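Using the UniProt record's numbering, the letters of the sequence shown map in sequence onto residues 1 to 476.
Please read the structure below before turning to the comments.
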Amino acid sequence: MRLRKMGPLCIPVIMCGGAGTRVWPESRETLPKQFIPLVGEQSTFQRILSMIADPAVFGKPVVITNHAYRFLVAEQLDEVGVEATIVLEPVRRDSGPAVAVAAILGAAAGPDTVVAMFAADHIYEKPDEFIANCKAAIATAAKGNIVSFGIKPAHAATNFGYIRPGAPIEGTAARRVEAFVEKPDAATAERYIAEGYLWNSGNFVFPAETMRDEIERFEPEMASAVSDAVAKAKTDLDFLVLDEDAFGRATKKSIDYAVMERTDRAAVLEADMGWNDLGTWSSALGFTVTDDAGNSIRGDGVVVDCTNVHVRSPEMLTAVVGLQDLVVVTTADAVLVLNSKEADKVKALVEELRKRERREVVEHKRVYRPWGYYQGVDQGARHQVKRILVKPGASLSLQKHFHRAEHWIVVKGTAEVTRDDEVLTVHENESIYLPIGCTHRLANPGKIELELIEVQTGSYLGEDDIVRLEDIYNRA
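This is the structure we're talking about:
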């Protein structure tokens, strides 16, 4: 049972739709950085969920994401035992429309509701200070202010926006915002630090009605489209799906451009809470333990005669000899070797790979589905081998293929297989053949994970050769 709390209701809203290209190859389009354990054992999304779990400060969270990540969000919420309202954007429209959605939902909860917007891929290394700063921001927002968390710069960063603080706001710990400025060059960043500017963390706390009204004032087309999308939203399983036509009309614009650089209600709270946006490999590696030579290893790695070499290799042995100032990241299907001083260039690398239509930009060899995952093992001109894991009680869609046959060999658990008009039970060390064109479904009726090896044969083996006839996850 949640405790009743004093003061305004604060609804935490987590924006969870980014692609995280700067920490490729661990981050991919289908499994972006907010869902992977870049720091520690939990994903950054799960870390922020734990930070906002205090019912004396926060109400039930809202997560704004998209269709591609909906089941990842639901699964990671379940893993940490958190209930949340999951809102799905049908198209990506930047942070402005996402904040508009949060403001409208917050205003509907009550006239005094405060919304706290957090990015899913940021971390806060000082949890007590995080809560204290959130309380101060909520109190400041309750007085009608739109509060940004400003971070005292640790160095002259050129990949952050900056905030120039102004006069103190009476009765609060915050100051007025005199200016938001975009990412500067190195010389300008040095000047900003000397003049007392703060980094813009991109996280905000605001009265729901005030933010809604400001968006209506500065971006009436965005406000109208988002309001229409929320009004026409429909429930799909456990998700609230915004109306696609209406949301697609919303102006694609960040909340900084849409409101924060134009409003006279902007405030900034200097917040020392161990914030990091984990925007590059350099920032992520700042949280690793290093040896006397500045080297760090996560996973299976060995370094010899190296200085400031960071190895991340969860799936295979990676050895580095006689080098310095490198980041080496290996996955099952890609290796990144990066000058640690050039971390910002990974995004450009990903764009080059995208132009070349490389699958490695989009997905890992292990591809997650709401029922479990499959992982590529081997592939040839007319065959493909996959390892498939199905969670207890889960099932794949009822489907058929026009170009391939499949052989399933159960290696763990028990499979319930629908094949045309038959329903068969296949045990460990048993197999079943599914000819081209047959209607079939795989389900796990047991209490342990089902693992099997799938061997596909045929003239075309693409994932788009699937016709879903029925699906418990509404993908048919």
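Where a beta carbon is used, it is the ideal one built from N, C-alpha and C, also for glycine.
On a predicted model such as this, the values are computed, not experimentally measured, just so you know.
Helix, strand or coil for residue 208? Go by DSSP, reduced to three states.
As a first step, residue 208 is located in the sequence shown; it is residue number 208 there, counting from the start. Three-state result, residue 208: helix.
For residue 183, does the count of other Cβ atoms within 10 angstroms reach 16, so buried, or fall short, so exposed?
Position 183 of the sequence shown, counting from 1, holds the residue named residue 183. Answer is exposed; the Cβ neighbour count stays below 16.
Near residue 124, what residues of its chain come up, given a Cβ to Cβ distance below 7 Å and the 5 sequence neighbours on each side ignored?
Counted from its first residue, the sequence shown places residue 124 at position 124. Taken in chain order, the residues that qualify are 51, 130, 273, 274, 275.
Using 7 Å as the cut-off, classify the Cβ of residue 205 as near or not near the heavy atoms of the ligand NAP, replying yes or no.
Ligands in the displayed structure: none, and consequently the ligand NAP is not present.
Between the C-alpha atoms of residue 3 and residue 56, what's the straight-line distance to the nearest angstrom?
Your numbering for residue 3 matches position 3 in the sequence shown. Your numbering for residue 56 matches position 56 in the sequence shown. Because residue 3 sits at a pLDDT of 40, beneath the cut-off of 50, its placement in the model cannot be relied upon, and the point is left open.
Are the CB atoms of residue 281 and residue 353 within a distance shorter than 8 Å?
Counted from its first residue, the sequence shown places residue 353 at position 353. Counted from its first residue, the sequence shown places residue 281 at position 281. For residue 353 and residue 281, no; Cβs fall outside 8 Å.
With the cut-off set at 8 Å, would you say residue 336 and residue 44 are in Cβ contact?
By 1-based counting over the sequence shown, the position of residue 336 is 336. By 1-based counting over the sequence shown, the position of residue 44 is 44. Cβ distance not < 8 Å, so residue 336 and residue 44 don't count as in contact.
According to DSSP, simplified to helix, strand and coil, what is residue 47?
Your numbering for residue 47 matches position 47 in the sequence shown. Note: residue 47 maps to helix in three-state DSSP.
Is it the case that the Cβ atoms of residue 138 and residue 114 are separated by a distance below 8 Å?
Within the sequence shown, the letter at position 138 stands for residue 138. Within the sequence shown, the letter at position 114 stands for residue 114. In this structure, residue 114 lies closer than 8 Å to residue 138 by Cβ.
Is DSSP giving residue 288 helix, strand or coil here?
What you label residue 288 is simply residue 288 of the sequence shown in a count that begins at 1. Here residue 288 sits in coil by DSSP.
Apart from the five residues on each side of it in sequence, which residues of its chain come closer than 8 Å, Cβ to Cβ, to residue 135?
In the sequence shown, counting from the first residue as 1, residue 135 sits at position 135. Hits under 8 Å: 57.
Of the residues 326, 362, 79, which one's Cα is nearest the Cα of residue 33?
Your numbering for residue 33 matches position 33 in the sequence shown. The shortest C-alpha separation from residue 33 is found at 362.
When DSSP labels each residue in this structure, what does residue 248 get in the three-state scheme?
Walking along the sequence shown from the start, residue 248 turns up at place 248. Here residue 248 sits in helix by DSSP.
Between 59, 101, 90, which has its C-alpha nearest residue 82's C-alpha?
For the purposes of this step, residue 82 is taken as the residue at position 82 of the sequence shown. For residue 82, the nearest C-alpha among the options comes from 59.
To test your reading of the DSSP string, which unbroken beta strand (DSSP E) runs of 3 or more residues are found completely within the segment 331-384?
335-339, 366-369, 372-379
Reducing DSSP to helix, strand and coil, say where residue 220 ends up.
What you label residue 220 is simply residue 220 of the sequence shown in a count that begins at 1. Helix.
Between 68, 15, 296, 434, which has its C-alpha nearest residue 473's C-alpha?
The residue given as residue 473 occupies position 473 in the sequence shown. Comparing Cα positions, the closest option is 68.
Roughly how many whole angstroms lie between the Cα atoms of residue 164 and residue 180?
Counting from one through the sequence shown, the residue named residue 164 turns up at place 164. Counting from one through the sequence shown, the residue named residue 180 turns up at place 180. So the two alpha carbons sit approximately 7 Å from each other.
Keeping to the same chain, check which residues put their C-beta closer than 6 Å to that of residue 262; ignore five residues upstream and five downstream.
Position 262 of the sequence shown, counted from the start, is the residue given in the question as residue 262. 218.
Could you give the distance in angstroms between the alpha-carbon of residue 140 and the alpha-carbon of residue 357?
Position 140 of the sequence shown, counting from 1, holds the residue named residue 140. Position 357 of the sequence shown, counting from 1, holds the residue named residue 357. So the two alpha carbons sit approximately 48 Å from each other.
Within the continuous beta strand (DSSP E) that includes residue 85, where are the two ends?
Position 85 of the sequence shown holds residue 85. Per DSSP, residue 85 belongs to the beta strand (DSSP E) from 85-89.
What runs of the beta strand (DSSP E), each 3 residues or longer, lie entirely inside the segment 152-185?
162-168, 175-181
How many angstroms separate the CA atom of residue 368 from the CA atom of residue 265?
Reading the sequence shown from its first residue, position 368 is the one you call residue 368. Reading the sequence shown from its first residue, position 265 is the one you call residue 265. The straight-line gap from Cα to Cα measures roughly 43 Å.
Can you give the Cα-Cα distance for residue 305 and residue 325, rounded to whole angstroms?
Position 305 of the sequence shown holds residue 305. Position 325 of the sequence shown holds residue 325. Rounded to the nearest angstrom, the two C-alpha atoms are 12 Å apart.
Reducing DSSP to helix, strand and coil, say where residue 3 ends up.
What you label residue 3 is simply residue 3 of the sequence shown in a count that begins at 1. Because residue 3 carries a pLDDT of 40, less than 50, the predicted location of this residue cannot be relied on, and the following value inherits that uncertainty. Coil, per DSSP.
Rounded to a whole number of angstroms, what is the C-alpha to C-alpha distance between residue 347 and residue 365?
What you label residue 347 is simply residue 347 of the sequence shown in a count that begins at 1. What you label residue 365 is simply residue 365 of the sequence shown in a count that begins at 1. About 21 Å.
Taking contact to mean 3 or more Cβ pairs, one atom from each stretch, closer than 8 Å, check whether the segment 203-216 and the segment 144-158 are in contact.
yes
Span of the alpha helix (DSSP H) holding residue 22?
For the purposes of this step, residue 22 is identified with residue 22 of the sequence shown, where counting begins at 1. No alpha helix (DSSP H) holds residue 22; DSSP gives it neither H nor E.
Can the beta-carbon of residue 389 be found less than 8 Å from the beta-carbon of residue 451?
The residue labelled residue 389 in the question sits at position 389 within the sequence shown. The residue labelled residue 451 in the question sits at position 451 within the sequence shown. Contact: yes.
Run through DSSP, which three-state label would residue 135 get?
For the purposes of this step, residue 135 is identified with residue 135 of the sequence shown, where counting begins at 1. The three-state secondary structure of residue 135, taken from DSSP, is helix.
Count the other CB atoms, across all protein chains shown, that sit within 10 Å of the CB of residue 318; report buried if there are 16 or more and exposed otherwise.
Looking up residue 318 in the sequence shown gives position 318. Buried, because 16 or more other Cβ atoms sit within 10 Å of the Cβ of residue 318.
Can you look up residue 270 in the DSSP assignment and give me helix, strand or coil?
One-based indexing of the sequence shown puts residue 270 at position 270. Secondary structure at residue 270: strand, using DSSP grouped into helix, strand and coil.
Would you kindly work out how many angstroms separate the C-alpha atoms of residue 78 and residue 188, rounded to a whole number?
One-based indexing of the sequence shown puts residue 78 at position 78. One-based indexing of the sequence shown puts residue 188 at position 188. Looking at the two C-alpha atoms, the distance is approximately 45 Å.
List, from N- to C-terminal side, the beta strand (DSSP E) runs of 3 residues or more that fit wholly inside the segment 376-433.
383-390, 398-400, 404-412, 415-419, 422-426
Going by other Cβ atoms of all chains shown within 10 Å of its Cβ, with 16 needed for buried, is residue 384 buried or exposed?
As a working mapping, residue 384 is identified with position 384 in the sequence shown. Buried, because 16 or more other Cβ atoms sit within 10 Å of the Cβ of residue 384.
Going by alpha carbons, who is nearest to residue 456 out of 411, 380, 61, 416?
Indexing the sequence shown from 1 puts residue 456 at position 456. The residue with the shortest Cα to Cα distance from residue 456 is 380.
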